[in-house]
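One structure is given here, and the rest of the page talks about it.
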Amino acid sequence: MRCLVVVLLILGCGSVMAQAPAPAPVPADTPPAAPAAEPAAPETSEAKVARLVAEGDALYRERFRLTTWREALARYQEAERLDQKNFEVLWRLARQYFFLAERASDDDSKKDLGMRGYEWGQKAIAASPLRIEGHYFSGIALGQYALGISVVKALVKGIDGDYTRAIGAALKIDRSYDQGGPLIAMGRYYYNLPWPKYDGEKSIQFLKEAIQKGDKLRAHFYLAETYLEEEQYADALREVEVVLSRKLSPGQGDYADDLWFQQQAPALKKKIQEEMD
């Protein structure tokens, strides 16, 4: 009897053991959570100015698109509000106002925008007198102001002296700047002067040197106009053909400026041909 009980106990334990659930699998180790990223440091004023200048420059290079004109100006203006003595901002404001003045469709706008460019250029000169940009852009902006009020009135006001001082200073620093820009400015100065101050020979001399320094289409276009004024029609036609035949590509040279003068060249060519007939 005792043996039977023992046997039953053994069988009962085996049944219980057989029915016991299998142990749950041990989970793999969970990797620790990554630390939360630290918030980005706020943009410094200096970094923001540099960013705004870079954005303005990119828009300026695209100025053959009308929509960029005021956008570029807005970037430079915001940069100037953050750093009012920053030379790199000041001369760019002078450059942008010169450009807007040159493209202005009426004399009042040309006058106002040209004077603003001149004033910003003067601030750039005060910030860094040994750099060329302030002298150059204040000078050519003043030239637009003179065209806006008329060259005769500008001469009466003595503006020609301010112009030649500014461009003369630029010539002393670097005649090749802006692909011969100071040379172009002086060549155009002698062309725009009324008789008896007009000097076609000096205009041609400066513009030819500018072409040697930078070969900008602006220089060829202006040289064609001077040759036309001098009744050297074959030379004028040759120069305008240079402007028309140049293959332009964005990113090469001053594409926006070259494109502008190439677009004006057909009308000039027609004018030359009419004089030749």
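The sequence shown begins at 5 in this note's numbering and counts up one residue at a time.
Where is the CB? At the ideal position from N, CA and C, for every residue including glycine.
* To do: Just mark Gln267 as buried or exposed, buried being the case when its beta carbon has 16 or more other beta carbons within 10 Å.
  => exposed
inquiry  = Under 8 Å, Cβ to Cβ, is there at least one residue of chain C near Thr230?
reply    = The chain labelled as chain C is not found in the depicted structure, where only one protein chain is given.
Taking the straight line between their C-alpha atoms, what separation do you get for Gly121 and Asp261?
18 Å
Taking one C-beta from the stretch 202-215 and one from the stretch 152-172 each time, how about it: are there three or more such pairs within less than 8 Å?
no
Item to complete: Quick one: using the 10 Å Cβ neighbour count with 16 as the cut-off for buried, is Val247 buried or exposed?
Response: buried
### Message
If I measure Cβ to Cβ from Leu151 and keep anything under 7 Å in the same chain, skipping five residues before and after, which residues do I get?
### Response
Lys114
| query | Can you tell which of Glu233, Gly185, Lys251 and Ala223 has its C-alpha closest to the C-alpha of Trp199? | reply | Glu233
Which same chain residues end up closer than 8 Å to Gly204 when comparing Cβ atoms and leaving out the 5 residues on each side of it in sequence? Tyr194, Tyr195, Thr230, Glu233 and Glu234
C-alpha gap between Gln81 and Ser154, whole angstroms: 29 Å
Let me confirm a value: Pro186 is counted as buried when at least 16 other C-beta atoms fall within 10 Å, else exposed. Which label applies? buried
**Asked** Where do the N-terminal and C-terminal ends of the alpha helix (DSSP H) with Glu235 fall, by residue?
**Response** Per DSSP, Glu235 belongs to no alpha helix (DSSP H) and is neither H nor E.
### Cβ-based neighbour list, Ser132, same chain, cut-off 8 Å, excluding 5 preceding and 5 following
Phe91 and Gly138
*Rounded distance between the beta-carbons of Gly118 and Tyr98, thought under 8 Å*: The question names Tyr, but residue 98 in the sequence shown is Ala. So it is not a contact: roughly 10 Å between Cβ atoms.
(message) Assuming contact is defined by CB atoms lying nearer than 8 Å, are Gly257 and Lys217 in contact in what I supplied?
(response) no
> Tyr101 and Ala145: beta carbons closer than 8 Å?
Replying inline: yes
What would DSSP say about Ala51, mapped onto helix, strand or coil?
helix
For Ala269, collect the residues of the same chain with a Cβ closer than 7 Å to its Cβ; drop the 5 residues on either side in sequence, then sort them by chain order.
Hits under 7 Å: Phe225, Val244, Val247 and Leu248.
Does Pro198 come out as helix, strand or coil in the three-state DSSP assignment?
coil
**Message:** Could you give the first and the last residue of the continuous alpha helix (DSSP H) run that contains Leu300?
**Reply:** No statement about residue 300 is possible, as the shown extent of the chain runs from 5 to 281 and does not include it.
Among Glu47, Val53 and Phe103, whose alpha-carbon lies nearest the alpha-carbon of Arg85? Of the candidates Glu47, Val53 and Phe103, the one whose C-alpha sits nearest the C-alpha of Arg85 is Val53.
Does DSSP put Ala28 in a helix, a strand or coil? Note that Ala28 has pLDDT 49, beneath the 50 cutoff, so the model's placement of it is unreliable and the number below is only indicative. Ala28: coil per DSSP, three-state reduction.
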